[in-house]
Amino acid sequence: MTDDLDKLRTGLASLPPAPDPAAKAKAVAQAMESFERAQETAQPPRPISDRSQRAGFVTGVREMLMKLTTRPALTMTASLAAIAVALTIYPTLRQGAPLPQAAAPKPVAAPATAPAAASLPAPEDTRTTTGEVTAAPATPPAEIKGQAPAQPAPGVVLLEQRAESDAVAAVEGPSPQDFADTGLAGGPLSLTDAAPEMEPMMEAAPATVAAKRVLPDALVPLPEPDTEAFANAPSNPVMIAAEDPVSTFSIDTDTASYAVIRSSLSRGALPPPEAVRIEEMVNYFPYGYAAPDAGAPPFRTSVNLFQTPWNADTELLRIGIQGRLPAIAERPPLNLVFLVDTSGSMQDADKLPLLKQSLRLMLPDLRAEDRVAIVAYAGSAGTVLEPTAASDRATILAALDRLDAGGSTAGAEGLALAYQVAEAMGGDGAEGHVSRILLATDGDFNVGLSDPGALKDFVAAKRDGGTYLSVLGFGRGNLDDATMQALAQNGNGTAAYIDTLSEAQKVLSDQLSGALFPIANDVKIQIEFNPAVVAEYRLIGYETRALAREDFNNDKVDAGEIGAGHQVTALYEVTPVGSPAILNDPLRYGAAQDNALPDATGDLAWLKLRYKDPGASTSRLIETPVSPVAGAADADARWAAAIAGMGQLLTGARYLGDWGWDEAIALAGGARGDDPFGYRAEALRLMRLAQSIAQ
Amino acid sequence: MRMQTPDEALAIAAANGDREAFAALLDRHYDRVFALSFRLTGARSEAEDLAQDICCALPAKLASYRQEARFSTWLYRVTVNAAHDRRRRAATRARAADGWGDWEVNRRAGIAEEAEAQDWLSATMARLSPELRDTVALTLGEDLSQREAAEVLGVSEGTIAWRMSEVKKRLRDFARAEGML
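Heads up: the sequence lines are chains U and V, in that order.
In our numbering, each residue's number is its place in the first sequence (first place is 1) plus 1055.
In our numbering, each residue's number is its place in the second sequence (first place is 1) plus 3.
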């Protein structure tokens, strides 16, 4: 029937009448506007040293906007002090030296003086600015040294610590005198020492500088915003025990970072350093910690000290916390509300379909008295499944099958509806039920969310109503890890990233009774090192969980939760007094009396834990001394150390010396232990992958 | 003048920030984008919105233009993809908002002769799947060869040929169904 085909052709050909000139003019005008904006926001795909000055600033603005607006972790308390430091440091480094990548391949130890100066621009500048760099850390006083004003804002810590470690990095290079002596070539060369820190600085610091210059331009919508955002801060610096003996942080039972790393490595790419949170990697693995006794506090702490694998002159202090193992038969019934993102971006195979499979896997582990509801959000939110007894599996499965991806994401609306459903489930005579919302999303909270801070506040307010919120991340591409972290942390839940069905099983089925059933809330750890025994210490990981010293005793300050059977591990690298590994020289002036510190106890440190029983508003305190006697490391300890080493190798390995992937793999290979689920074997495989990718 | 400069050169210049080149490109191609948008959506207002969205996104998109394809082919691809995105976004809002679906709903309202011819077209288009509709819009509407259409849609030439034979089959079925009424 070619006739019909011809008819179709004629019809289509006659169809579009000439475009309306007004519409055309409007479209063209808008396109030209968009073109102008694009010129202003143009930037090369990779930050290389020959990019234009302007592009650099714009990148900075964009970074800043990301942090100030889309990253809910950052609340209003951004420290002016930190910004001031960034302002002082950043322009100097920028003009004084090319970016580290460019500097690295040229170890031109130019012999001092004039010839060198001739070959490089503006010698005077560099010399003076170097002076400023070293001076910078001195200008911002107390608050930059140590804990950020903390609580509601891991994000704040992020900015401040960034600035702080940048400052440290800058000081650790050769002194200004060295620069002057060797001429300019010394400048870029020595800066390569600080290379790992330069990168974050290029992201964080220019923001503030750029803010002053091109802010008005930058407020227009940017053409292609980054879609993956990760919550992190640069690694904790080495602290001097005599000056700052107290370290405070909130425990963290999330494991999302490890799964993100696995997904990156499996695709043949190193994970972005900001996606690596070492504590989440270490906590991913089960360890054989002793369980708490009956009648004792709901969790038990075990502390060991052993030699650091990457530095024979320091020791690792491992703090292991084991939550009471769930009495499976006695767990309270659950009200589960699955809040499922069904936006168009969820249609990939590793998103909604994987989520459906995961939930199917979980169903058999639920009990008859548990109840399940499903709320979908996309475009407009809706209840897909009214609260249903878990025994009615057919109804639940049918509802799952109805889920279909399409539309844009109205995260805030969906969340409100989910809380409403959860509260209704808790309110209709179901005494003793534990209510929990499981938010499954690729993190694309892009519509209906005018203010990320408001969403977070909303979750924090609902948290006090007794409903917990956990976040399950799916897929890559626009994973908004930062939002997920912030929501889970504020909603008293955990954040997990699910990339495979076996991960879904680990997160949902294996831990169903645990992760979903809290036994202690707001668990904080504070450790005071004894300066008579410990010269320096460094907390490995937990950057996003740092708390201010005074927050430890403040029950209003939120912290991490422990579910039944949960385990938490924290590692400190401790340098004993007299060790050759001490990084900081003693002060020449003042502080000499520190040598006369009383050493009545001989303890290494004093460990304090605070926690609240579920539903309680006042905290309980557990205190215990830490013995300075180092023991042998058992397989679990060596494994934790190997994973911490892996995390540091992925983020720059600043403190690892010559210790590299070979050593990490050897250490991990000898510490696999029992490994019934093959988690450790998988990690070993990932280490080998990372090694070959990194080469 | 710019009149003789090939599209491809203009596109590269525009991607590098040449304002005039961009304006020239827009002027040359807006009508084409609008026409294809119209054929893909079947409604003037939809087509105007779509064309405007595409023009606005063009500066950012140009950065990814690699000269592997002719500019017009590339632009067709951008247009088809934008139409897909729009359709997908609209899908959950309401099935009926799917462009040609509106035509089908309003079909019975048409009385005039001319409208009747349009009716047949819209009814036919509405009954084709999105893939077939895109293929028809490009091959019959824009008069592209099967090879060019394949390039735009990112499928093989064989697929286009198969789709066109599917279209013929559907048309035959429709005609038979009409005849039996």
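By construction, the Cβ of each residue, glycine as well, lies at the ideal position given by its N, Cα and C atoms.
- Comparing alpha-carbon positions, the option among V/I57, V/W77, V/R136 lying closest to U/A1084 turns out to be V/I57.
- Under the three-state reduction of DSSP, U/Q1581 is assigned to strand.
- At a C-beta separation below 7 Å, U/F1090 has these neighbours in chain V: R22, F25, P62.
- Within chain U, the C-beta atoms nearer than 7 Å to that of V/T127 come from L1063, in chain order.
- Below the 7 Å Cβ cutoff, chain V contributes no neighbours of U/V1632, its closest Cβ being approximately 57 Å away.
- For V/R35, no Cβ of chain U is located within less than 7 Å of the residue's own Cβ.
- Runs of beta strand (DSSP E) with 3 or more residues, each lying fully within the segment 1586-1618 of chain U, are found at 1589-1595, 1615-1618, listed in chain order.
- Residue-level contact by beta carbon fails for V/R80 and chain U, as no gap is shorter than 7 Å.
- Residues P1387, P1388, L1389, N1390, R1426, M1480, G1481 of the same chain have their beta carbon placed closer than 8 Å to that of U/H1488, with the five preceding and five following residues left out of the count.
- Around V/E134, no beta-carbon contact reaches into chain U at under 9 Å, the shortest distance being about 16 Å.
- Membership of V/S67 in any alpha helix (DSSP H) is not indicated, and neither H nor E is assigned to it by DSSP.
- Contact between U/L1372 and U/V1681 holds: CB atoms are separated by about 7 Å, below the 8 Å threshold.
- The criterion of a C-beta distance shorter than 7 Å is not satisfied by V/F41 and V/A27.
- Residue burial annotation: V/S148 is exposed, with fewer than 16 other C-beta atoms found within 10 angstroms of its C-beta.
- Look at V/G157: its C-beta is not under 7 Å from any C-beta on chain U.
- Against U/K1081, the close residues of chain V are Q55, in the order they occur along the chain (beta-carbon pairs closer than 8 Å).
- A residue is called buried when at least 16 other Cβ atoms come within 10 angstroms of its Cβ; V/W165 does not meet this threshold and is exposed.
- Close partners of U/G1399 in chain V (Cβ separation under 7 Å): R91, R92.
- Under the Cβ criterion of 7 Å, U/G1066 is counted among the residues facing chain V.
- For U/L1421, no alpha helix (DSSP H) segment is defined, and its DSSP state is neither H nor E.
- Ranking V/L39, V/R92, V/R69, V/S67 by CA distance to the CA of V/Y79 puts V/L39 first.
- At a cut-off of 7 Å between C-beta atoms, U/A1495 does not count as an interface residue with respect to chain V.
- DSSP, read as helix, strand or coil, puts U/P1683 in coil.
- Secondary structure of U/Y1627 (DSSP, three-state): strand.
- U/E1583 places its beta carbon less than 7 Å from that of U/V1301.
- Taking all protein chains shown into account, U/K1579 has 16 or more neighbouring C-beta atoms within 10 Å of its C-beta and is therefore buried.
- Between V/E169 and chain U, the shortest Cβ-Cβ separation is not below 7 Å.
- Listed by position along chain U, the residues whose Cβ is nearer than 7 Å to that of V/L29 are V1083, A1086.
- The three-state secondary structure of V/W77, taken from DSSP, is helix.
- Secondary structure remark: continuous alpha helix (DSSP H) runs of at least 4 residues inside the segment 1372-1417 of chain U, in chain order: 1407-1417.
- Judged by their CB atoms, V/A152 and V/L143 are not nearer to each other than the 7 Å cut-off.
- Under the three-state reduction of DSSP output, U/P1573 falls in the strand class.
- At least one C-beta of chain V is nearer than 7 Å to the C-beta of U/A1093.
- Contact annotation: in the segment 1407-1421 of chain U, no residue has its CB less than 7 Å from a CB in chain V.
- The DSSP-derived three-state label of U/W1661 is strand.
- Counting the other Cβ atoms within 10 Å of the Cβ of V/H87 gives fewer than 16, which makes it exposed.
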